[in-house]
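Following the UniProt record's numbering, the numbering of the sequence shown begins with 1 at its first residue and continues without gaps.
Heads up, the beta-carbon is just placed ideally off N, CA and C, and yes, glycines get one too.
Quick caveat: nothing in here was measured; it's all calculated off a predicted structure.
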Amino acid sequence: YSKREIHNLARFISVMKFPPLSWRTTHPYVLVDRFEDVTPPEKVQSNKKCDRNITLYGYLRGCNMKKGTK
């Protein structure tokens, strides 16, 4: 390919506008950076398979979460 054709293709790709995905804007989703286990150590020592409590740190994207969302 000639340099001009490659240049034109690169320019075409760089200025393309993609339509926003409707699912992303209408549904909340979380991008988790890190998590911590905040379950009391005594509870874990007494039962290794107990339900755990974790804290998530990251970013909420899309729309806002509704109250009571798990």
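Item to check | Beta carbon of Tyr1 nearer than 8 Å to that of Arg34 | outcome: For the purposes of this step, residue 1 is taken as the residue at position 1 of the sequence shown. For the purposes of this step, residue 34 is taken as the residue at position 34 of the sequence shown. In this structure, Tyr1 keeps its C-beta atom at 8 Å or more from the C-beta atom of Arg34.
Next on the checklist: Does Val15 come out as helix, strand or coil in the three-state DSSP assignment?
Outcome noted: By 1-based counting over the sequence shown, the position of residue 15 is 15. Val15: coil per DSSP, three-state reduction.
Checklist entry - Below 8 Å between beta carbons: does that hold for His7 and Cys63? => result Here residue 7 corresponds to residue number 7 of the sequence shown, with the count starting at 1. Here residue 63 corresponds to residue number 63 of the sequence shown, with the count starting at 1. Cβ atoms of His7 and Cys63: not closer than 8 Å.
Next on the checklist: Am I right that Arg61 and Leu31 are in contact with their C-beta atoms under 8 Å? What's the rounded C-beta distance?
Outcome noted: Residue 61 sits at position 61 when you count from the first residue of the sequence shown. Residue 31 sits at position 31 when you count from the first residue of the sequence shown. The beta carbons of Arg61 and Leu31 sit about 6 Å from each other, so the pair counts as a contact at 8 Å.
Next on the checklist: Mapping the DSSP letters down to three states, classify Leu9 as helix, strand or coil.
Outcome noted: Within the sequence shown, the letter at position 9 stands for residue 9. Helix, per DSSP.
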